[in-house]
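Chemist: This is the structure I have questions about; it appears just below.
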């Protein structure tokens, strides 16, 4: 079925359901969970293809959960980051098969792991107001470069939101908006690159169903979390993400 064994499809469905739940609860981590788990039983390009449409549709739901006006305000407020993600995601997607993934995983995972551990230890890393525009732009470039290659462009944005002390509602909404715009770009880019093709597109579409079921279940948990607990769970997930990226880099 779709060029995969039935057990592979079952595993992919279960992983997508869990990833959707985590995204609904804290606002991110779905592509990271999917890519990390898929990599253990699927070829890298198939794993990337499978996460594209679920990422697109769950981000539509997340971005517009509080209405189109709030989503538009977030788009305007974080326009620098969004612009850089879009431009560099499309550019880097064309080199998905040419750039050593071990190097990219290490360069992304190492700083994320250190940042999250530093924050969990009670140390602050606040960005001064006069430097925010520059930092927002640079992190957008980094997110876009990694996004086109791995399907993961969220961690740099999350690091930025944590560093400026964004509130709970803003954090989740902005993630949805930025991830949605990136997801649209990723979809278009990989329709061009060939990663999404006649064999992988139907299966990616099938993964939308468990992703949305998990997302709505996660939303129910998110509504019960206060800002402090949301921040702590976000940092815990960043630690796990950074560790896993470093592990994957060293495994090559």
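Numbering (the working numbering), first residue to last: 3 to 254.
The beta-carbon is built from N, C-alpha and C at its ideal position, and this holds for glycine as well.
Which word fits residue 9, buried or exposed, when buried means at least 16 other C-beta atoms lie within 10 angstroms of its C-beta?
Modeler: exposed
Chemist: Within 10 angstroms of its Cβ, does residue 33 collect 16 or more other Cβ (buried), or is it exposed?
Modeler: buried
Chemist: Within 10 angstroms of the Cβ of residue 199, are there 16 or more other Cβ atoms? Answer buried if so, exposed if not.
Modeler: Exposed, by the Cβ-count rule.
Chemist: So, with DSSP's three-state summary, where would you put residue 158?
Modeler: Reduced to three states, the DSSP call for residue 158 is helix.
Chemist: With distances taken between CB atoms, is the gap from residue 191 to residue 95 smaller than 7 Å?
Modeler: yes
Chemist: Measure the C-alpha to C-alpha separation of residue 107 and residue 251 and round it to an integer number of angstroms.
Modeler: 5 Å
Chemist: Going residue by residue through the segment 7-71, where are the continuous alpha helix (DSSP H) segments of at least 4 residues, counting only ones entirely within it?
Modeler: 8-28, 32-40, 46-65
Chemist: Among 6, 59, 68, 82, which has the Cα closest to the Cα of residue 49?
Modeler: 6
Chemist: Under 8 Å, with one C-beta from each stretch per pair, do the segment 232-240 and the segment 162-175 reach the 3-pair mark?
Modeler: Contact holds: three or more Cβ-Cβ distances are below 8 Å.
Chemist: Does the contact criterion of 3 or more C-beta pairs under 8 Å hold for the segment 143-155 versus the segment 77-93?
Modeler: yes
Chemist: Count the C-beta pairs between the segment 208-223 and the segment 104-120 that are closer than 8 Å, then say yes if the count reaches three, no if not.
Modeler: no
Chemist: Under the assumption that residue 166 contacts residue 240 (Cβ atoms under 8 Å), give the Cβ distance between them as a whole number of angstroms.
Modeler: In fact, because the Cβ distance is near 16 Å, the residues do not count as touching under 8 Å.
Chemist: Should residue 169 go down as buried or exposed, given a rule of 16 or more other Cβ atoms within 10 Å for buried?
Modeler: Flag for residue 169 reads exposed.
Chemist: At which residues does the alpha helix (DSSP H) containing residue 214 begin and terminate?
Modeler: 210-224
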